[in-house]
Each structure stands twice: as C-alpha cells, then as structure tokens.
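Q: Dropping the structure in here first, questions after.
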Amino acid sequence: MTETYHTTILTVLGYMRAISNGKAIIRLDWDQTAPIGTDRPDSVSRETIRQLEAYLHGRLKKFKLPLSADGKTATSHEWLQTMFRIPYGQVVTYAEFANIAGKPKAARAAGTACSSNPIPIIYPCHRVIRADSSLGNYGGGSDLHPTHAENLDRKRFLIELEAQNL
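The following block contains the structure:
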C-alpha cells in the first residue's frame, strides 16, 4: 500500500485536505469537520495548501504542482488533461468541454469525467456548466451529493472568484 500524507486547512469554503503520495498530489477533499491532530504533512501537501490559499485569495491563476491520477483509466487521464485547457476565468458547457476533448458527442461523458475528478480546483471541473448557463452539479471532492447546496455554492464561488480576478 502506498504511504500517504495530508494537510488540512480552513478555507473560505470549509476545510480542505490535500493528500499526497509523497511525490504528487493524489486527491483534494472537502472535510465537513476539522480533523484535529490527524495531519501528516509532507512538502507536496504543504505546497498544495500554500498554492490553494493563494488561489482562493485571487493571487494565483495557474497551479504548479506534481499531480497523480494513478488508478484512473487512460480515458479519465485524457479528460483531466483537457480540463487544464479551460482558461482561468472562463466557463464552458459540458458539450463544449467534450468538443475541446475531441469528443463532440460525449457531453454526458464530460459530466461523468467532472464528477469523478480526484483533484478539484486544480483540475478545474468547476469551469464546466450546463448549456442553459446554470451551474449543473459539483462534487468537488466532497462526500455531499453533487446537487447539495453547499457544493453548488462552492462552484459558484470559484467561478465568481476567477471572473473577478482576470
């Protein structure tokens, strides 16, 4: 079993935990409560938290972190890499996201890719919305249902944050 490290911070959106395998970030999760005394940080998780804080304060537009989506299929990797091509401060529809990925008839698969994103914010699935301009769903690393108001509030916040800091 791979050894993992993690650091948790309280952000404007709740507690966020960065999980690393010692070489790269493997997950970002929202925690409902503070996991007091359970942090096991390493340099990768600490740097991730530092960059997340800068991003959430409008001072960082592009993350520079080692990322790992081990255990994901080649197709999942393709979708995650495509998310990086969505510019900071812009939103695209699920259909547009599928087009960017070179899969013009795969809007539903685009939504599935967003919902299974292990490293939200850094892989910016929050930039993908419905064709009617509504938010759609957002799991964003939370155990809450993707339609839960708290998750949708996070997605709205991230979209607005980026729009204000172009």
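Under numbering that gives the first Met the number 0, think of the first position of the sequence shown as 0, with each following residue one higher.
Note that the Cβ used here is the ideal one computed from N, Cα and C, for glycine as well.
Gln-89 to Tyr-14, Cα distance in whole Å?
A: Computed Cα separation, rounded: 25 Å.
Q: Using a threshold of 9 Å, state whether the C-beta atoms of Ile-24 and Ile-85 are closer than that.
A: No, Cβ-Cβ distance for Ile-24 and Ile-85 is not below 9 Å.
Q: With distance defined between alpha-carbon atoms, name the residue in Cys-124, Ile-118 and Gln-80 nearest to Ala-17.
A: Closest option to Ala-17, Cα to Cα, is Ile-118.
Q: Apart from the five residues just before and just after Leu-134, which ones in its own chain have a Cβ nearer than 7 Å to its Cβ?
A: Cβ within range, chain order: Ile-128, Leu-151, Lys-154 and Arg-155.
Q: Would you grab the beta carbon distance between Leu-64 and Gln-80 for me? Rounded to a whole angstrom, and I think it's under 8 Å.
A: Contact flag wrong, Cβ pair sits at about 15 Å.
Q: Give the C-beta separation of Thr-6 and Ser-44 to the nearest angstrom, bearing in mind that I take them to be a contact with Cβ-Cβ under 8 Å.
A: 4 Å between Cβ atoms; contact.
Q: Can you have a look at Ala-176 and say buried or exposed, based on whether 16 or more other CB atoms are within 10 angstroms of its CB?
A: Past the edges of the chain, shown from 0 to 165, lies residue 176, and the structure says nothing about it.
Q: Using the three-state DSSP reduction, which class does Ala-172 fall into: helix, strand or coil?
A: The requested residue 172 does not occur in the structure, where the chain is confined to residues 0 to 165.
Q: With DSSP as the reference, please indicate the residues paired to Val-91 in a beta bridge.
A: Answer is Val-127.
Q: Enumerate, from N- to C-terminal direction, the unbroken beta strand (DSSP E) stretches of 3 or more residues contained entirely within the region 23–84.
A: Counting whole runs of 3 or more residues, the region 23–84 contains the beta strand (DSSP E) stretches 24–30.
Q: When the distance is taken between beta carbons, is Ile-8 closer than 9 Å to Glu-168?
A: An answer regarding residue 168 cannot be provided, because it is not within the stretch 0 to 165 covered by the chain.
Q: Is Glu-159 buried or exposed, if buried means 16 or more other CB atoms sit within 10 Å of its CB?
A: Glu-159 should be labelled exposed.
Q: Taking Phe-62 as the reference, which of Thr-47, Leu-157 and Gly-140 has the closest Cα?
A: Checking every option, the nearest Cα to that of Phe-62 belongs to Thr-47.
Q: Roughly how far, in whole angstroms, is the beta-carbon of Leu-59 from the beta-carbon of Thr-10, given that I think they are within contact range, below 8 Å?
A: Not confirmed; about 13 Å, so no contact.
Q: Straight-line CA distance for Val-91 to Ser-114?
A: So the alpha carbons of these two residues sit roughly 15 Å apart.
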